[in-house]
Amino acid sequence: MSNRGSIRHGVESSWVGAGGLPTSANQAVIPSRRGFLQTAATGLGSLALLDLLGCTGVLADAPRPDFNGGLHHPAKARRIIQVFMNGGASQADLFDYKEELVRRAGQKFDPGGGVHVEAATSQPGNVLGPPFPLRQHGQCGRWVSDLLPNLAKHVDDMAFFMAMQSRTNVHGPGSYLMNTGFLLPGFPCLGAWTSYALGSLTDNLPTFVVLPDARGLPYNQKGNFGSGNLSVSHQGTVINAATAEPIPDLRAPATAKFITPDAEREGRELLARLNRDHAAANDDNAMLEARIRAYELAAKMQISAPALFDVSDETEETRKLYGIDEPSTADFGKRCLLGRRMIERGVRFVQIWSGAGGPSNNWDNHSSIVNQLPPMCAATDQPIAALLADLKRRGLLEDTLVLWSTEFGRMPFSQGGEGRDHNGGTFVGWMAGAGVRPGVAHGESDEWSWKAAKDITTTYDFHATVLHLTGIDHERLTVRHNGANRRLTDVHGHVVKAVLT
Amino acid sequence: MGIVGTWQRLFIALVALVGFLAAMVALAFGDEAKPFPAAKAERKVDFVRDVQPIFQRSCYACHGPQKQTSEFRLDVRKIAMTGGEAYGPNIVAGNAKESPLAQFVAGEGDTMMPPEDKGQRLNAAEVQIVRDWIDQGAAWPDEVAGNEADKNDWWSLRPIIRTPPPNVVVAGSGNSIDAFVRQKLAEKRLPSATQADRRTLIRRLYFDLSGLPPTPEEISDFLADEHPAAYENLVDRLLASPRYGERWARHWLDTAHFAETHGHDQDRIRENAWPYRDYVVRSFNDDNPYDRFVAEQVAGDALFPGDPAATVALGFLAAGPWDESSLRDIQEDTLDRQIARYVDRDDMIATVLNNVSSMTVQCARCHDHKFDPIPTADYYSLQAVFAGVDRAHRAYDEDPLVATRRRELAARKSQLDRTDEAATTILLADDVQAEVDRWEASLADGRVRWTVLKPDCFSSAEGSTLSPLPDGSLLSGGKRPQRDTYTISATIPAGGPPLDRVSAIRIETMNDNSLPHGGPGRQDNGNFHLSEVQVFAGDVQSKPLALAAATADFDQQDWGIARAIDGLDLTAWGIYPHVGKPHFAVIELEDVLELGDERRLTVVLKQLHGGGHLVGRVRISATDAAPPVRLDVLPAEISAILDRPRGERTHDERLALARFQQRQTVLAEIARLPKPSLVYAAASDFEPDGGLHPSPEPRPIHVLQRGDVKLAQDAASPGALSCVAALPARFEIENAKDESLRRAALARWLVDKRNALTWRSIVNRVWLHHIGRGIVATPNDFGRMGAMPTHRALLDFLAADFRDGGQSIKSLHRLILASATYRQSSLASTIDAKQAAAAVAEDVDNRFLWRMNRTRLDAECVRDAVLAISGRLDLRMGGPSDRQFDLRPGIHVTPIVDYAKFDLDSPAGRRRSIYRFLFRTLPDPFMESLDCPSGDQITPQRANSVTVQQALAMWNDAFIARHCEHIAARLSSGGDSTAEQVDALAQSTLGREPRDGERDELIAYAERHGMANLCRLLLNTNEFLFVN
């Protein structure tokens, strides 16, 4: 290599900096200039980071311009917190008020025109009106259920997608679609793409963190936060906030008594020395050097991560705001608070899940809206409202995007009396914060809240819009895999301009 | 500013680095900030490597194989160099300035290419490449000249041409491979590295062929081996070892995306997936010829019916994920179900065609393939090939004799099921009729006669609507309560067959179209849970009659009929997944009930499980047969026929009786056969599982416009790729209803010697795993968007040699491993410094193999090596997988899987990694950090990442820590000094003794902190983790 001296080698990792350029695996794609600059500049100061895939990573020394977060255009959002209602939150009961459902409650569901009505897991029942009242709130007059009194206060900060549409009525494919843009397993999710495209803002923490419900993982388990054909470093790091070691493998296991602090410290030094000697004797050694660097960064993370989880420095008022001392809100509230602490410390993407997979304790309310929906609302309403308020007062909402998502909606008719079956035909999501036009509602469902009718937002449109806000053109963020240039939005997706400032 | 420009197109794996450095520098600082002048290329631009990928990406959409706007195309040399409308020619070789193409892509004039929204614009670096290429003469090699007339004219589709190895002098002991490689090196003026030393070679060979490190003894033996064929002998020994199959099976399982759970939201365990894994291991160890290996995995059941292993091989088609919710649980008549079926077959198609043919056919699902000559019609013909199979637990007999007998019986049974004249003739033949008579005589006495109790009073406790039907049954409808209790009373008629006492009752749960899945239950899945049965003499009284025993025709696992009479409301009888057919239970009274004057009986059916698990249709009968009364095998209609005197039976009744008896005989013999084994595989005949039923004949497949099931077009008939011109693209199938013939036809198409794709694909795949990079760098894509072969003649030489020479993978290994190319050092430093620098400048990613590639150990090699060094590796082969996690039932289908709770010292933790249980959505984090794939996606080549997570896992994971203790214990057990132990540890981890100077440091560290800590350290070195 002719210019070894002037180039640096880096480790490819979402934890430590730009997770590699948006390059293709077997077809060369040159990143945009901005992407290159940004990649070179983030995370590790002058140490540029690149994917090192059995090949030499070579990159010029670069000055460090101010990071603007955008890969293809200036970014509005530097980081994202997504709260995900696992199971399919019932849009008609929460946000999508329909007179017709109240009026015709108990009657046979008949959309007219001889249309075949089908439901995924049941025989369609009669029209089911929302058991809890919805009221209009804020300047914008958005309808919100009485079950969400705290969130209702923030409607003027939110942009609603009132006619979102899935391609399926089944949890597995639906959750994959909403997270990865494909109905099938094995594709990178939104957080992984973000990590890949934008890299990290910190050396000390993972780029993409997932905080699952304390009761368990959502439908598809870890499949929803995978990195698919991107490097494994971009997958969501699952942090179990409730356990003693929230980040796996950050420390030697307690059972390994032989690893004393001295052995650890001296071991690291000696290992670095051995590895450096080895690298010196082996040319084509970028990957070797990258591994040396990876150990240095691992040590750094070990030191800085614990402070993240120690919330004792939060005020009493903040604890109350998130409801972390109330049984009903404790778990979700704590995770929302951690989410804020993470993005403050440079985590790029935090995904907070409400509800585990399964027949209960989630938003998959087949058997009874009356019994199953209120506890889910009670657990999340105050914490999410607190998150919005807290981000706002700290100025973080300026460049943080908050997403409220679910994999699909629920049917306007009943299942087995008072529950609702899955409905990919229409559902609701909202976003708030960086670059989001506050108080708007985009799209409309039909008179039943059965199918999306006007200004439909597909899952692809939603992803395109989120990427747009982070400075990414969804059509240009591709990776070649198994014969196709894969992207989050497959071959679809339009940015929903109506929700942008 | 240094300039080292090259396409970094190493490993096609997941995230590759593309560093076009000269360009990047220009890009980064040139076009806006301009602190540096745009760099000029210092080396020759290569069309295939540098230019064509840009054309492919940015230009082909409008000027390529599918579309030729302005009749200009950039995939055909002749047109590219001469065409160009008003501006033509677009390319003026040697003069970029005068070439309109260069101006267009740079946007210098009034035309900008590609136009907005038509393709990705070239950046400054890419524009410079195009300019340099034109300035340097616009060299465009003949091999990729393209052909306007024939879209099919593509290197991978042309017949294999076996050219003799070039006449090149290869120093030392080379073979024909080296002749090809050296010729290319000479052409490119590249040097070649010296041969690696023996110490390097043995470590390389061991990990390559067995996935394990050589022991210190094996190393010293090899170093001391003076036999001239020491190397070849070592290769032979390794290939003969069963460890070889365990290592190479893993590569194939990656491509098959094998795992042992379904994936998706209901990530259920596939208890019977492992036999396929064992089949692959055995196939490699036995050196199963490749055509047979492929044919078995696509249609082994049809092509090799006498060989049980060939059925197990069908695990290949079912290896990928499966969407249980969509394909089993949701309503049958939904669009979601239909979509899921197409999607499921899509995975089978990709599994076969990506891996065996290296063609990305799945791109043609929504539109004709954009770049390759694959129309959607071909794609849906492939869908039709798999139209009759599902993924299921497929029964097979390990004993071929049993398999043969079972086949005969199955044929006999389906013959009996037919209603045509031939079947009638058989059934009415004298010998059969005589058998029927003998049978009737034999059961005359012992037959239980049931009297249907027509309910005269019935009620539902929770408001189900019970409607009486003419046959004496009750149909439940109306609102569906969570739980319910039916109370059914009947007066036993005095007429008819005399019934004065009751010894048992029969509860029939029956089907009805109004019920989900046809019932017999009302739950959405067709099931019910009968918690308790109570029988009362007369009406409901304080005390029910005591019940002696209960038997049912089918018991759901853990929901047996005994639970309906155990006095516990919490337990119940269920019949899932055998929904959609009637069931019955016989309940025997403790004491025979003498019917008094009242002649009245009441049966209470408690259904208290919840979730609407109610019986949908029920009929009660009673008998006075002498106890014990157990299951009555005779269906009601057969009983009725038998009740009629022989002379009064109609022709149809005689037929029905004979059919029943003959069927029973066949079924009884089938039942006496040894229980079949199960493998999770493609199947068209399997036990129904809830809403998953086998399809009696192939499902109709239509060409779908834009891949949309709502836009179904013409029906598709089975076939394969029309671009393989030597073979018919549509199959002639004798019996369209026999789905296995379709797969058999595809298998024949795949392994036909004229199908060049197959042979090129496999030799490239084997080459890739030895060399670290394929001759074609995209092993699963030989299309226009894939990489071009670096050594086309060599690829064809190997393919022809392999195809025509017995298709032995082991022979192919020997050929490649014997080459000087494989035996090269991976170090450029073994070459003269100036030459090495030139080689790096010209071919930094070593496409032309001027040295060997260094590779990182994959996840399995790391884990197996650690186990081997600790002396705890258990070499037992095969069988059910080791679950290296704590498993608890989850809230829903997917269990809770905790890897941290696994006891690392337990027997399940000691076998080779290929025997690990692979959980799709919950993979082992340690293995995952080392790029072990989850089985969600086809993985022809693994990623080779370096990450912080990986460093943390290697440094802190409990597996490493625990085994460091084991290794330390093993080292100290011999009573050696610390120095000797340090030497031994270095030998087994690094394959060498510590160097002087290094040794003292290691000893000092070991003395201060113990051998376990030193072990942890050495396992974390790059020298351990990489193979030179």
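In order, the protein sequence lines correspond to chains A and B. Numbering of the first sequence is given in the working numbering, commencing with residue 1 and proceeding in unit increments. Numbering of the second sequence is given in the working numbering, commencing with residue 502 and proceeding in unit increments. In this text, a Cβ means the ideal position worked out from N, Cα and C, and glycines have one as well.
Per-residue DSSP class, three states only, for Tyr1323 (chain B): Correct three-state label for Tyr1323 (chain B): coil.
C-alpha gap between Gly416 (chain A) and Gly1081 (chain B), whole angstroms: The straight-line gap separating the alpha-carbon atoms of Gly416 (chain A) and Gly1081 (chain B) is approximately 20 Å.
7 Å Cβ cutoff met for Leu177 (chain A) and Leu183 (chain A): Taking C-beta atoms as the reference points, Leu177 (chain A) and Leu183 (chain A) count as a pair closer than 7 Å.
Closest Cα partner of Gly141 (chain A) within the set A:Asn220, A:Gln382, A:Val440 and A:Asp399: Among A:Asn220, A:Gln382, A:Val440 and A:Asp399, the Cα nearest to that of Gly141 (chain A) is on A:Val440.
Alpha-carbon to alpha-carbon, Asp618 (chain B) and Arg558 (chain B): Counting only the Cα atoms, Asp618 (chain B) lies some 13 Å from Arg558 (chain B).
C-alpha distance - His1194 (chain B) paired with Asn1529 (chain B), whole-angstrom precision: Distance between the alpha carbons of His1194 (chain B) and Asn1529 (chain B): 52 Å.
Classification of Gln302 (chain A) by the beta-carbon crowding that lies within 10 angstroms, buried from 16 upward: Gln302 (chain A) comes out buried.
Whole-angstrom distance between Asn220 (chain A) and Leu1109 (chain B), CA atom to CA atom: Cα to Cα, the separation comes out at about 31 Å.
Cβ of Gly439 (chain A) within 7 Å of any chain B Cβ: Taking Cβ atoms only, chain B never reaches closer than 7 Å to Gly439 (chain A), which makes this a no.
Three-state secondary structure assigned by DSSP to His763 (chain B): Look at His763 (chain B) here: in three-state DSSP terms it is coil, with no helix or strand label.
Residue from A:Ala464, A:Thr318 and A:Pro327 with nearest C-alpha to Arg340 (chain A): Sorting A:Ala464, A:Thr318 and A:Pro327 by C-alpha distance to the C-alpha of Arg340 (chain A) places A:Thr318 at the top.
With 16 other Cβ atoms within 10 Å as the buried cut-off, status of His1030 (chain B): Classification of His1030 (chain B): buried, given that the 10 Å Cβ count is 16 or more.
Residue span of the beta strand (DSSP E) that contains Ser990 (chain B), given as start and end: Looking at the DSSP string, the run of the beta strand (DSSP E) that includes Ser990 (chain B) is Asp985 to Thr992.
Chain A contact residues for Glu1429 (chain B), given Cβ-Cβ distances below 7 Å: Under the 7 Å cutoff, chain A gives Val232.
Beta carbon proximity, Asn86 (chain A) to chain B, threshold 7 Å: Asn86 (chain A) does not count as touching chain B.
Segment contact, 8 Å Cβ cut-off, at least three pairs: the segment 383-393 of chain A with the segment 101-118 of chain A: Output reads no: the segment 101-118 of chain A does not touch the segment 383-393 of chain A.
is_contact[Tyr1506 (chain B), chain A] using C-beta, thresh 7 Å: Taking Cβ atoms only, chain A reaches closer than 7 Å to Tyr1506 (chain B), which makes this a yes.
Rounded Cβ spacing between Asp788 (chain B) and Lys1311 (chain B) (contact assumed at less than 8 Å): About 5 Å separates the two Cβ atoms, so the contact holds.
Cβ distance (whole Å) where Val83 (chain A) is taken to contact Ile384 (chain A) below 8 Å: Yes, they are in contact, since the Cβ atoms of Val83 (chain A) and Ile384 (chain A) sit about 6 Å apart, within 8 Å.
Members of the segment 997-1028 of chain B near chain A, C-beta cut-off 8 Å: Of all residues in the segment 997-1028 of chain B, only Pro1017 and Asp1025 come within less than 8 Å of chain A when Cβ atoms are compared, listed by chain position.
Own chain partners of Ala1454 (chain B) with C-beta closer than 6 Å, once the 5 adjacent residues on each side are dropped: So the qualifying residues of the chain are Phe1427 and Ser1430.
Contacting residues, own chain, Cβ-Cβ under 7 Å from Leu230 (chain A) (five flanking each side not counted): Excluding positions up to five away in sequence, the list reads Pro188, Ala192, Tyr196 and Val479.
For Ile1008 (chain B) and Val428 (chain A), the rounded distance between their alpha carbons: Cα-Cα distance, rounded: 48 Å.
For Glu100 (chain A), three-class secondary structure by DSSP: Residue state, collapsed to three classes: helix.
Bridge partner(s) assigned by DSSP for Asn126 (chain A): Answer is A:Lys108.
Selection from B:Val1252, B:Glu1343 and B:Leu1350 that minimises the alpha carbon distance to Gly1273 (chain B): Of the candidates B:Val1252, B:Glu1343 and B:Leu1350, the one whose C-alpha sits nearest the C-alpha of Gly1273 (chain B) is B:Leu1350.
Backbone CA spacing between Gly520 (chain B) and Trp655 (chain B) [nearest angstrom]: At Gly520 (chain B), the pLDDT of 29 sits below 50, so the modelled position is not reliable; the number obtained from the coordinates is stated separately. Approximately 28 Å, taken between the alpha carbons.
Exposed unless 16 or more other CB atoms sit within 10 angstroms - verdict on Thr664 (chain B): Exposed, since its Cβ has fewer than 16 Cβ neighbours within 10 Å.
Check whether Gly704 (chain B) and Gly1492 (chain B) have beta carbons under 7 Å apart: Looking at the sequence provided, one finds Arg at residue 704 (chain B) rather than Gly. With respect to the 7 Å criterion, Arg704 (chain B) and Gly1492 (chain B) are classified as neighbours on the basis of their beta carbons.
Residue-chain proximity (Asn653 (chain B), chain A), Cβ-Cβ < 7 Å: No, because no Cβ of chain A sits closer than 7 Å to the Cβ of Asn653 (chain B).
Own chain residues within Cβ distance below 6 Å of Gly1379 (chain B), not counting five before or after: Excluding sequence neighbours, Gly1379 (chain B) sits near Asp779.
Proximity below 7 Å, CB of Val983 (chain B) to CB of Gly1111 (chain B): According to the sequence shown, residue 983 (chain B) is Gln rather than Val. Taking 7 Å as the cut-off, the Cβ atoms of Gln983 (chain B) and Gly1111 (chain B) count as close.
Of the residues B:Asn773, B:Asp611 and B:Asp679, the one placed nearest Tyr1181 (chain B), counting alpha carbons only: Out of B:Asn773, B:Asp611 and B:Asp679, B:Asn773 has the C-alpha closest to the C-alpha of Tyr1181 (chain B).
Chain-ordered residues of the segment 214-227 of chain A with a beta carbon less than 9 Å from chain B: Those residues of the segment 214-227 of chain A that come within reach of chain B (Cβ to Cβ, closer than 9 Å) are Arg215, Gly216, Leu217, Pro218, Tyr219, Asn220, Gln221, Lys222, Gly223, Asn224, Gly226 and Ser227.
Cβ-based contacts, 8 Å cut-off: residues of the segment 1445-1466 of chain B near chain A: Of all residues in the segment 1445-1466 of chain B, Asn1445, Ser1446, Val1447, Thr1448, Val1449, Gln1450, Gln1451, Ala1452, Leu1453, Ala1454, Trp1456, Asn1457, Asp1458, Ala1459, Ala1462, Arg1463, Cys1465 and Glu1466 have a Cβ within less than 8 Å of some Cβ in chain A.
Span separating the alpha-carbon of Gly236 (chain A) from that of Asp1432 (chain B): Straight across, the Cα-Cα distance linking Gly236 (chain A) with Asp1432 (chain B) is about 15 Å.
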